[in-house]
Structures are given as C-alpha cells and as structure tokens.
Amino acid sequence: MSPCSSIAGSLTLVRQLGALSLGAVLLLSACGKGGGGASGDSIPVGEYACLTGLTASFGTASHNGVTLVMEKANASGGVLGKKIRLITEDDQSKPGEAATAARKLISRDQVVALLGEIASSRSLEAGPIAQQSKIPMISPGSTNLKVTQIGDYIFRVCFIDPFQGEVMAKFSLNSLHKTKVAVLTDVRQDYSVGLAAAYKDYFTKHGGTVVAEQSYSSGDQDFKAQLTSIKGANPEAIFVPGYYNEVGLIARQSRELGITVPLMGGDGWDSPTLTQIGGPAIDGDYFANHFSTDDTSPIVQGFVKDYRAHFQKDPDGMAALGYDAAGVLLDAMKRAGSADPQKLRDAIAATKKYEGVTGTITINEQRNATKSAKVLTIKDGKFHYVETIAP
Ligand code: PHE
Numbered sequence: 023m024s025p026c027s028s029i030a031g032s033l034t035l036v037r038q039l040g041a042l043s044l045g046a047v048l049l050l051s052a053c054g055k056g057g058g059g060a061s062g063d064s065i066p067v068g069e070y071a072c073l074t075g076l077t078a079s080f081g082t083a084s085h086n087g088v089t090l091v092m093e094k095a096n097a098s099g100g101v102l103g104k105k106i107r108l109i110t111e112d113d114q115s116k117p118g119e120a121a122t123a124a125r126k127l128i129s130r131d132q133v134v135a136l137l138g139e140i141a142s143s144r145s146l147e148a149g150p151i152a153q154q155s156k157i158p159m160i161s162p163g164s165t166n167l168k169v170t171q172i173g174d175y176i177f178r179v180c181f182i183d184p185f186q187g188e189v190m191a192k193f194s195l196n197s198l199h200k201t202k203v204a205v206l207t208d209v210r211q212d213y214s215v216g217l218a219a220a221y222k223d224y225f226t227k228h229g230g231t232v233v234a235e236q237s238y239s240s241g242d243q244d245f246k247a248q249l250t251s252i253k254g255a256n257p258e259a260i261f262v263p264g265y266y267n268e269v270g271l272i273a274r275q276s277r278e279l280g281i282t283v284p285l286m287g288g289d290g291w292d293s294p295t296l297t298q299i300g301g302p303a304i305d306g307d308y309f310a311n312h313f314s315t316d317d318t319s320p321i322v323q324g325f326v327k328d329y330r331a332h333f334q335k336d337p338d339g340m341a342a343l344g345y346d347a348a349g350v351l352l353d354a355m356k357r358a359g360s361a362d363p364q365k366l367r368d369a370i371a372a373t374k375k376y377e378g379v380t381g382t383i384t385i386n387e388q389r390n391a392t393k394s395a396k397v398l399t400i401k402d403g404k405f406h407y408v409e410t411i412a413p
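The sequence shown runs 23 to 413 under this note's numbering.
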C-alpha cells in the first residue's frame, strides 16, 4: 500500500467513526488531494452562502448564478469527463457559521475548491480555513481589501473597496458636484467600515469635506438619532455604505425627518429588497455596482435571458458575480487539466481576460480582479444605469 492510499484508507476509517479532523484532510492534501476529492465519477465543489438570514438576498442570488453555470457544464458532459457535484452550505448570514460551513465542506465533503462568501466579514472568517487546508477559494462579491490578503489560495472576481470608495467619491464630486457630505457606517461589517474609509480618503483629498460621521450596527431598525444629528450638519449628500435592509430603513427615516439630499452607497445596496423596504424614499439615490441589466453587450443579454428563463426574475449583481466565480473556477479546471486543489490554485491565479458578465476578469498579483464599476440610480423601484467609472 502506498503512503497515500494508506492515508486515504485510514481517512475512510476516521470518517466512519464520525470524527474526521481537519488534520486528516491536511495529510491527504499533502498527498495530492486531487486524487482524493475528485477520485469518483464526479468532482465535488463546495459553496457556502447566506441562503437565509439578514442578507439572504445576496446568498440566494449568488447561488442561482453558480447553479446556472454548473447545470450548463454538466448538461454538456461536465468537466474533465466528470460531472461537477456542487455541495452548498447555508451560513444563515450569521457570524461563526461561515467557518463551520467551510470546515464541513473541506473535511466531510473533500471539496476541491470553495465558492464564497459574499459579505466580507464572512469571507474573512472562513478564508483562513481554506488557506490552511490549501483549498482554493473564490469569493464572488467580498470587496474588503483584507479578504485576499489571507493568503495565496484566496481569490475574488470582484473589484475591491479602495476602488469602490474612490468611485463613489469621484461620483459625488465630479458628477453630483457635492463637496459637503455625511457618512453613516455599519460598524458590524468589515465591508462598511472599509468602504467608508476609502470613500472619505479620496473625497477629502480631492476637495470634499465630511461634515458629519455616524454609525449603526447590522440589524438595527431605528436610525433617527443618527439622522437627526446628520441633518443638523447640513450635508449636501449622505454616503451610506451598508447592506440593503438597513439602507432601505435609513432612506425612509431620513425622508420622514425632512432630509431631502441624495443618499449614496456601494454594492451592498444591490437587492430587490432595497426598494421593497425603501419604497419611494429611495428614489433618486445612487450606488456603485458590478453589473447592470441595462448593459446591451451580447454576453450580458444572453445571461439575463438565461437567468430569467430559469428563475423567472432578473439577475442582480450577486447573481452575476456568482455566475462569474463559478465560470472562472471551471475555466481554471479545464486549463489545469486537473481538479487537484494546488493545480487549480495555480490555474485560477493565471486567469487572464476571462469574459464574464461582470466584465473582463484578469486575476492580478494580489488575487483580485481589476474591473470598472457601474453607478446606478433608483427610479420607481427599478435600478437604472448612470455611468461607468474605470480604474
Ligand atoms: N461587497 C459586499 C461585501 O464585501 C458584498 C456584496 C457584493 C453585496 C455584491 C452586493 C453585491 O460585503
């Protein structure tokens, strides 16, 4: 018996005992995990997403995008002659659960790669587990700078918050001609904190003044105290780099308090729930995003048509990013000619000019994708394209 097969044998025993440890998986990966995870007639790919809970809209959209890619690939014979077996874990949008999900997928299911998460705080939580286990992870939508700094197995197919913050600061100054803004940050989310910092940095270095700064925590319902204080500072616009639930409520409560200046934000606004909560109060506001259904390019319109046929609704940015993350992974698998996690890692790192529905994806030295952002506005409950801002 070779050392590898004996490890695989004892691993089976450990699993039967129901006590598989991460250490055992690490041993196996040292032996060439590609033979392990993908040795059957299918290739196990893990996905962890917030299918329920506070940001369920992100997880379900991203999951839809991922399944569309996997179903298409399997319908045309799979990859490397095998079907892709997607195994999805719901982290319920809860702190702590993303790490548990990643551990399960790696230890129990022996996935060859991970897709996830969307919210930066949860990618930051599960990323170190993927890194230690040497299982490549591709985040569809986590934009916080620190996510890919976890290590060389962690990638993303979206732009990063230092860029997104600059985009919205440029838009405030050059397109809306606002030089006095207030900033309202969700201190519970790495995403919100990082995006607020990036925005303020560019804005204040280019002639803008931040006249008020306030904060809240994910899950809060009442923002009147913060908004009253912001109103007193007389800003010309308010930057709210949060997630859609709270942003919808903030829009309503700001209008109730008689605040009429525009609100602005980032990709965390991108959900149909934003307009369901915000109603007419969010009309005329602006946010940066990865994707717009208004894009007339054939690749985007083809995706929109496919997505509508499958899910009877329009794709949002997260659906598009899930689609691209899965697409980049399968493209790398084909180029690697192998589902070995280390070879997959190298092939993902070598991704160049992959034509995605969120733009052309080249993975750079920092394992990020440099892409343009689209600024959208909201009118009558619908998102409309305003302009593209390039890096
Ligand atoms: N960028 C957000 C984060 O890092 C997540 C997100 C991505 C939200 C894309 C909407 C669309 O937390």
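Quick reminder that beta carbons are idealized off the backbone N, C-alpha and C, glycines included.
Residue i in three-state terms, based on DSSP
i, result
"residue 403", "coil"
"residue 260", "strand"
"residue 162", "coil"
"residue 122", "helix"
"residue 284", "coil"
"residue 49", "Residue confidence for residue 49 is low, a pLDDT of 29 falling below 50, so the modelled location carries little weight; the figure read from the coordinates is stated next. Residue state, collapsed to three classes: helix."
"residue 330", "helix"
"residue 309", "strand"
"residue 268", "helix"
"residue 335", "coil"
"residue 209", "coil"
"residue 314", "coil"
"residue 110", "strand"
"residue 238", "strand"
"residue 65", "strand"
"residue 411", "strand"
"residue 274", "helix"
"residue 175", "coil"
"residue 198", "coil"
"residue 136", "strand"
"residue 116", "coil"
"residue 77", "coil"
"residue 222", "helix"
"residue 342", "helix"
"residue 141", "coil"
"residue 156", "coil"
"residue 148", "helix"
"residue 71", "strand"
"residue 255", "coil"
"residue 217", "helix"
Assigned exposure category for residue i - 16 Cβ within 10 Å defines buried
i, result
"residue 278", "exposed"
"residue 66", "buried"
"residue 197", "exposed"
"residue 303", "buried"
"residue 98", "exposed"
"residue 247", "exposed"
"residue 207", "buried"
"residue 200", "buried"
"residue 405", "buried"
"residue 321", "exposed"
"residue 42", "Unreliable placement is indicated for residue 42, whose pLDDT of 34 sits below 50; no coordinate value is reported for it."
"residue 413", "exposed"
"residue 414", "The question about residue 414 has no answer here: the residues shown for the chain are numbered 23 through 413."
"residue 332", "exposed"
"residue 282", "exposed"
"residue 188", "buried"
"residue 386", "exposed"
"residue 330", "exposed"
"residue 379", "buried"
"residue 411", "buried"
8 Å contact criterion, which residue i and residue j should meet: CB distance rounded
i, j, result
"residue 73", "residue 112", "4 Å"
"residue 64", "residue 109", "Not confirmed; about 10 Å, so no contact."
"residue 157", "residue 128", "5 Å"
"residue 287", "residue 261", "7 Å"
"residue 204", "residue 233", "6 Å"
"residue 179", "residue 350", "6 Å"
heavy atom of the ligand ATP below 6 Å from residue i C-beta
i, result
"residue 250", "For the ligand ATP, the structure offers nothing, since it holds only the ligand PHE."
Counting pairs of beta carbons, one from the segment 327 to 344 and one from the segment 150 to 164, are three or more of them closer than 8 Å? The segment 327 to 344 vs the segment 150 to 164: in contact.
Is the number of C-beta pairs between the segment 141 to 158 and the segment 113 to 120 that are closer than 8 Å three or more? yes
Give a yes or no on contact between the segment 295 to 306 and the segment 388 to 400, applying the rule of three or more CB pairs nearer than 8 Å. A contact exists between the segment 295 to 306 and the segment 388 to 400.
Meets three-Cβ-pair contact criterion under 8 Å: the segment 202 to 219 and the segment 316 to 324: Touching, no.
Closer than 8 Å is the cut-off here; do at least three beta carbon pairs connect the segment 180 to 193 with the segment 361 to 371? As far as the Cβ criterion goes, the segment 180 to 193 does not touch the segment 361 to 371, which means the pair count is below three.
Is it the case that the segment 258 to 272 contacts the segment 72 to 80, given that we only count it when at least three CB pairs across the two stretches are under 8 Å? The answer is yes - the segment 258 to 272 touches the segment 72 to 80, with three or more Cβ pairs under 8 Å.
Contiguous alpha helix (DSSP H) assignments of at least 4 residues, all confined to the segment 355 to 404: 363 to 371
For the segment 271 to 285 and the segment 228 to 237, state whether three or more C-beta atom pairs, one from each stretch, are separated by less than 8 Å. no
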